[in-house]
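Participant: Before I ask anything, here is the structure I am working with.
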Amino acid sequence: MAAPPATTATTHHRALLPPTRTHAAATHSALRLPLRAHPHAHAQRARLTAAAAPAPAASTASLESSAAGKPTVLVAEKLGAAGLALLREFANVDCSYGLSPEDLRAKISLCDALIVRSGTKVGRDVFEASGGRLRVVGRAGVGIDNVDLAAATEHGCLVVNAPTANTVAAAEHGIALLTAMAWNIAQADASLKAGKWQRNKYVGVSLVGKTLAILGFGKVGSEVARRAKGLGMHVIAHDPYASADRARAIGVELVSMEEAMTTADFISLHMPLTPATNKMLNDEAFAKMKYGVRIINVARGGVIDEDALVRALDSGIVAQAALDVFTKEPPAPDNKLVLHVNVTVTPHLGASTVEAQEGVAIEIAEAVIGALKGELAASAVNAPMVPAEVLSELAPFVVLAEKLGHLAVQLVAGGGGIKSVKVTYASARAPDDLDTRLLRAMITKGLIEPISSVFVNLVNADFTAKQRGVRITEERIILDGSPETPIDYIQVQIANVKSKFPSAISETGEITVEGRVKDGVPHLTKVGAFQVDVSLEGSLILCRQVDQPGMIGSVGSVLGEENINVSFMSVGRIAPRKHAVMAIGVDEEPSKVTLRKIGEIPAIEEFVFLKL
224 MAAPPATTAT THHRALLPPT RTHAAATHSA LRLPLRAHPH AHAQRARLTA AAAPAPAAST
284 ASLESSAAGK PTVLVAEKLG AAGLALLREF ANVDCSYGLS PEDLRAKISL CDALIVRSGT
344 KVGRDVFEAS GGRLRVVGRA GVGIDNVDLA AATEHGCLVV NAPTANTVAA AEHGIALLTA
404 MAWNIAQADA SLKAGKWQRN KYVGVSLVGK TLAILGFGKV GSEVARRAKG LGMHVIAHDP
464 YASADRARAI GVELVSMEEA MTTADFISLH MPLTPATNKM LNDEAFAKMK YGVRIINVAR
524 GGVIDEDALV RALDSGIVAQ AALDVFTKEP PAPDNKLVLH VNVTVTPHLG ASTVEAQEGV
584 AIEIAEAVIG ALKGELAASA VNAPMVPAEV LSELAPFVVL AEKLGHLAVQ LVAGGGGIKS
644 VKVTYASARA PDDLDTRLLR AMITKGLIEP ISSVFVNLVN ADFTAKQRGV RITEERIILD
704 GSPETPIDYI QVQIANVKSK FPSAISETGE ITVEGRVKDG VPHLTKVGAF QVDVSLEGSL
764 ILCRQVDQPG MIGSVGSVLG EENINVSFMS VGRIAPRKHA VMAIGVDEEP SKVTLRKIGE
824 IPAIEEFVFL KL
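Counting from 224, one number per residue, gives the positions in the sequence shown under the numbering used here.
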């Protein structure tokens, strides 16, 4: 591991914006996602303009020359006009649909953001071809199985989706397929159009009193449940991550996978495609199901073994299936499942309503614009997912967390690598009422970025730490009293290293820094065993000296001679007339001559200059 930078090194320019002394400003700063800074990051949120006409697709040459300074967004699949209008007010937009993998790789190095639907595969090769420029991938929809999240994270690229706009549309389509299948609507329609009148052939089944098992009780699954309850169905669900209380509130019982498969008359799939769910409905699964079960899938084609489903249909185990998605899209013209007489199919229409298309376009455009501005997107799928209300409350502590990490790593002496870091949160909140994922990520960022040759941000901070062999552990201290604020203090300790400022080593042998938030502003409150109280703004000089009269004046005089303004000062001591640590905030960076003069003051035993 490379040695940490010298204490006079400046703070990395990609760090979070420093907070001001107002809580509002601190909150605004803390909600910034530390992606690469952009010259137009200060631009206001684009406003939707009515009847905005789509602009022609920009050529590669025009992307390099036009709208200088604006970020470039590549829209690789069709997006609603309202979303494009938002994007064009903020960025240079290239609408290039149907790109081959080769063309996508060729274009991506010129783009800051990429927006896709489900038809474009964004693999590791795309991130590598971007040369580090790609900052955001926006998935216009819910599923993100066509995006290599591991590769995105390694390359520091944020992935966002649009999880809410098409929820109702997908649920409505699931119910539409369920009812169309139960009533043989598609087959009867085709028969009548062929000149036949076959009332007796297309007798349906009633839905009232039937059991519907929903596999995957997320947003879409729960909306399907609400609608199915309205049709008089008995609804059960299986989802290992779903809340039993939320299910009960809808009137749904959570059951095991075994019970769901063996008791259901209808099974509706609403889970993502993952290694665990790939071909989850296979021969073994179909063999467990009630004879004559009916299957609905508006989730992902790969969760069903399509050959196994054909066999189950032919045997009668599955009476009917209604499918909107397929393993390969579009399916081959001779696909046995598509052509099966007992299968109702649609060409992936789950989000295809006018309202959903526009909603998804606006939602993903806003998420991408926000991410390019440096804002933490609530729909980020490869960064800590923190609810908006938690973000707001933790905002100043997020700033504190990064600054403590950044301060601690600057105290490490060169020659020894950082291997073990312990983070302690003291709070009166119950452990399950304090979400520290974002705080941990920002401490990691503060620790790793100054000593890493690669770009580090919130997305890849943990990955980068792991790659460098840094082990970060967390501990909670439960305090008595009323939890007026989420956290009383945060402590960061680095073990098994030497310090440039030996007084930063605590009684237990670790470099130790501790901080609190006061009036919305992060403060350093402890260094090693010494209590101090200084705002974590600007630059900081730490001095250990003999506790005697005139020390503050001596250091202040040296700084004054060099026209360096002191913004704050705090002295912490173990006992009178023994030793003390003085923390001095300065507005300007002292020269080497100034620092040498401070070190020459007789009672100064050690000192260090730190950039915050």
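Just so you know, even glycine gets a beta-carbon here, dropped at the ideal spot from N, CA and C. Small disclaimer: the values here were computed from a predicted structure and weren't measured.
Would residue 769 be called buried (16 or more neighbouring beta carbons within 10 Å of its own) or exposed?
Facilitator: Result: exposed.
Participant: From residue 655 to residue 740, what does the alpha carbon distance come to, in whole angstroms?
Facilitator: When rounded, the distance between both Cα atoms is 21 Å.
Participant: Do the stretch 588 to 596 and the stretch 308 to 320 make contact, defined as three or more Cβ pairs closer than 8 Å?
Facilitator: Segments in contact, yes.
Participant: Should residue 562 be labelled buried (16 or more other beta-carbon atoms within 10 Å of its own) or exposed?
Facilitator: Per the 10 Å Cβ criterion, exposed.
Participant: In angstroms, rounded to a whole number, what distance separates the CA positions of residue 460 and residue 449?
Facilitator: Cα to Cα, residue 460 sits roughly 12 Å from residue 449.
Participant: Residue 696 bridges to which residues according to DSSP?
Facilitator: 645, per the DSSP bridge assignment.
Participant: For residue 596, does the count of other Cβ atoms within 10 angstroms reach 16, so buried, or fall short, so exposed?
Facilitator: Per the 10 Å Cβ criterion, buried.
Participant: Just the C-alpha distance for residue 692 and residue 540, rounded to the nearest angstrom, thanks.
Facilitator: Their backbone Cα atoms lie some 53 Å apart in a straight line.
Participant: When we look at the beta-carbon of residue 602 and count the other beta-carbons within 10 Å, is it buried (16 or more) or exposed?
Facilitator: Answer is buried; the Cβ neighbour count reaches 16.
Participant: How is the beta strand (DSSP E) around residue 834 delimited, first residue to last?
Facilitator: Residue 834 -> beta strand (DSSP E) spans 827 to 834.
Participant: Do residue 296 and residue 336 have their C-beta atoms closer together than 7 Å?
Facilitator: Contact flag set, yes.
Participant: Give every residue of the same chain whose Cβ lies closer than 6 Å to the Cβ of residue 549, excluding the five residues on either side of it in the sequence, and list them in chain order.
Facilitator: 524, listed in sequence order.
Participant: Would you give the residue range spanned by the beta strand (DSSP E) that residue 396 belongs to?
Facilitator: From DSSP, residue 396 is part of no beta strand (DSSP E) but of the alpha helix (DSSP H) over 390 to 405.
Participant: May I have a chain-ordered list of the beta strand (DSSP E) segments no shorter than 3 residues that lie completely inside the stretch 538 to 586?
Facilitator: Entirely contained in the stretch 538 to 586, the beta strand (DSSP E) runs reaching 3 residues are, in chain order, 541 to 546, 566 to 568.
Participant: Hey, could you find the ends of the alpha helix (DSSP H) residue 660 is sitting in?
Facilitator: Taken as a continuous stretch (DSSP letters only), the alpha helix (DSSP H) holding residue 660 covers 660 to 671.
Participant: How would you write the range of the beta strand (DSSP E) that residue 763 sits in, first residue to last?
Facilitator: Residue 763 -> beta strand (DSSP E) spans 762 to 769.
Participant: If you count every other CB in all the chains shown that lies within 10 Å of the CB of residue 712, and 16 or more means buried, which is it?
Facilitator: Buried, by the Cβ-count rule.
Participant: Terminal residues of the continuous alpha helix (DSSP H) containing residue 409?
Facilitator: Looking at the DSSP string, the run of the alpha helix (DSSP H) that includes residue 409 is 408 to 416.
Participant: Which of helix, strand or coil does DSSP assign to residue 753?
Facilitator: In this structure, residue 753 counts as strand in the three-state DSSP scheme.
Participant: Taking the continuous alpha helix (DSSP H) assigned at residue 794, which residues delimit it?
Facilitator: Not the alpha helix (DSSP H): residue 794 falls in the beta strand (DSSP E), residues 789 to 796.
Participant: With C-beta atoms as the reference, is residue 506 less than 7 Å away from residue 531?
Facilitator: Yes, Cβ-Cβ distance for residue 506 and residue 531 is below 7 Å.
Participant: If I follow the unbroken alpha helix (DSSP H) through residue 822, where does it start and stop?
Facilitator: 815 to 822 is the extent of the alpha helix (DSSP H) around residue 822.
Participant: Which residue wins for smallest C-alpha separation from residue 318, given the options 435, 393, 304?
Facilitator: Minimum Cα distance to residue 318 is reached at 304.
Participant: Check whether the stretch 626 to 645 and the stretch 727 to 736 touch, using three or more Cβ-Cβ pairs below 8 Å as the test.
Facilitator: Yes, they touch.
Participant: Can you tell me which residues form a DSSP beta bridge with residue 318?
Facilitator: Its beta-bridge partners are 298.
Participant: For residue 452, report the span of its alpha helix (DSSP H) as first-last.
Facilitator: Residues 442 to 453.
Participant: Spatial neighbours of residue 408 within its chain, please: CB distance less than 8 Å, with the 5 preceding and 5 following residues excluded, ordered by chain position.
Facilitator: Here the set comprises 402, 567.
Participant: For residue 559, which residues of its own chain have a beta-carbon under 7 Å away from its beta-carbon, when the five flanking residues on both sides are left out?
Facilitator: The answer, listed in chain order, is 533.
Participant: Tell me where the alpha helix (DSSP H) around residue 496 begins and ends.
Facilitator: Neither: residue 496 is in no alpha helix (DSSP H) and is coded neither H nor E.
Participant: Comparing alpha-carbon positions, which option in 456, 410, 444 lies nearest residue 429?
Facilitator: Ranking the options by Cα distance to residue 429, first place goes to 456.
Participant: Checking 7 Å against the spacing of the C-beta atoms, do residue 722 and residue 834 come in under that value?
Facilitator: Not closer than 7 Å, so no.
Participant: Return the CA-CA distance between residue 438 and residue 790, expressed in angstroms with no decimal places.
Facilitator: C-alpha separation (whole angstroms): 60 Å.
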